[in-house]
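Below: the structure, in structure tokens.
Protein chains: 2
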Amino acid sequence: MTDSRETGLTLDPKWGADGLITALVTDGDSGEVLMLAHMNAEALAATVDGGEAVFWSRSRGELWRKGATSGNVMRVRDIRIDCDQDAVWLIVDPAGPACHTGEQSCFYRRVTKDGLERLE
Amino acid sequence: MTDSRETGLTLDPKWGADGLITALVTDGDSGEVLMLAHMNAEALAATVDGGEAVFWSRSRGELWRKGATSGNVMRVRDIRIDCDQDAVWLIVDPAGPACHTGEQSCFYRRVTKDGLERLE
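Here it is, written out as structure tokens:
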């Protein structure tokens with residue numbers, strides 16, 4: 009039922025055709041958006057149960073425990089879900105840069121009418 | 009070139025097979041994540057040029073000027089794009105609730121081990 013999913017208190021994620029929902033991550037201190045990734049049911053359950061961010065890597069086709077290789081784990085303070093339950097918002101304490109480029113956040117460039125600008 | 013897209017200063021969105029990228033929206037004052045939506049090239053251009061959030065409605069299959077019917081437009085303070093340019097982050101001043109349920113944010117429920125909780 010749409011109403012239940014949108015206003016109820018039952019976790020009922022609306023998995024996409026690929027079995028995924030979107031996961032966005034913000035820094036619990038700065039509030040900055042750090043990254044956007046995806047979760048399957050296993051990743052969401054692992055994140056809720058374990059308290060550290062676990063995603064599904066679409067490029068590698070496998071569960072992705074954030075920081076497993078880099079050490080930059082993300083301790084989860086809070087998890088929110090949106091009205092139609094196809095996106096979750098993780099509020100985290102990151103142990104290091106979120107982005108594989110080495111930037112603190114993946115969103116390190118501004119979009120302007122004249123192209124992109126690197127943020128200071 | 010992947011390197012250019014990931015580290016360069018040329019706007020080169022990585023449109024999905026559906027012609028869309030993800031757009032997440034935060035409140036410029038509170039920092040709260042308000043909603044997650046999608047943009048096609050026209051929506052992104054309209055947002056950059058016009059200074060108000062324009063999305064692509066996947067359900068209606070049409071351009072969606074946020075607030076066109078509700079009046080709850082989102083004035084855009086800043087736009088960021090992520091490393092692989094398949095997601096943008098809009099920092100906005102919302103004129104009213106972002107969510108069609110009437111909640112300020114679509115992310116108005118917390119995910120816990122025991123289900124969902126409505127935020128105060």
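Top to bottom, those sequences are chains U and A. Taking our numbering, the leading residue of the first sequence gets 9, the next gets one more, and so forth. Taking our numbering, the leading residue of the second sequence gets 9, the next gets one more, and so forth. We treat Cβ as the ideally placed atom computed from N, Cα and C, and that holds for glycine.
Item	Value
Beta carbon proximity, W97 (chain A) to chain U, threshold 8 Å	yes
Cβ separation of V41 (chain A) and L52 (chain A), assumed to be a contact under 8 Å, to the nearest whole Å	19 Å between Cβ atoms; not a contact.
Proximal residues, the stretch 12–41 of chain A versus chain U, C-beta separation under 7 Å	E14, T15, L17, T18, L19, T30, L32, T34, G39, V41
Segment contact flag, the stretch 71–78 of chain A with the stretch 90–103 of chain U, C-beta cutoff 8 Å, min 3 pairs	no
CB contact below 8 Å: G69 (chain A) versus chain U	no
C-beta neighbour in chain A for E125 (chain U), strict 8 Å	yes
V41 (chain U) - DSSP class collapsed to helix/strand/coil	strand
Where D20 (chain A) sits in the DSSP three-state scheme	coil
Any C-beta of chain U under 8 Å from that of F115 (chain A)	yes
Minimum Cβ-Cβ distance from D86 (chain U) to chain A less than 8 Å	yes
Selected residue, minimal CA-CA separation from S65 (chain U), among U:T109, U:E50, U:G59, U:L127	U:E50
Amino acids of chain D, ordered along the chain, whose beta-carbon sits closer than 9 Å to that of T109 (chain U)	Considering every chain present, this structure includes no chain D. Its protein chains are U and A.
Strand pairing of F63 (chain U), partner residues [DSSP]	U:W72
Under the three-state DSSP convention, the category T131 (chain A) falls into	In the structure displayed, chain A extends from 9 to 128; residue 131 (chain A) sits before or after that span and is not available.
Alpha-carbon to alpha-carbon, W97 (chain A) and R83 (chain U)	22 Å
Separation of K121 (chain U) from T18 (chain U), as counted between CA atoms	43 Å
Nearest residue (CA-CA) to L44 (chain A), options A:G110, A:D86, A:I29, A:A54	A:I29
CB contact below 8 Å: M9 (chain U) versus chain A	Because M9 (chain U) sits at a pLDDT of 48, beneath the cut-off of 50, its placement in the model cannot be relied upon, and the point is left open.
Chain U within 8 Å of K121 (chain A), Cβ atoms only	yes
Beta-carbon proximity list for M9 (chain U), same chain, < 6 Å, skipping 5 on both sides	For M9 (chain U), the predicted model reports a pLDDT of 48, less than 50, meaning its position is unreliable and no value from the coordinates is stated.
is_contact[R83 (chain A), chain U] using C-beta, thresh 8 Å	no
Residue interval of the alpha helix (DSSP H) (run including A4 (chain U))	Nothing in the structure corresponds to residue 4 (chain U), since chain U is present only between 9 and 128.
Unbroken beta strand (DSSP E) run spanning T34 (chain U), endpoints	29–35
Chain A within 8 Å of V56 (chain U), Cβ atoms only	yes
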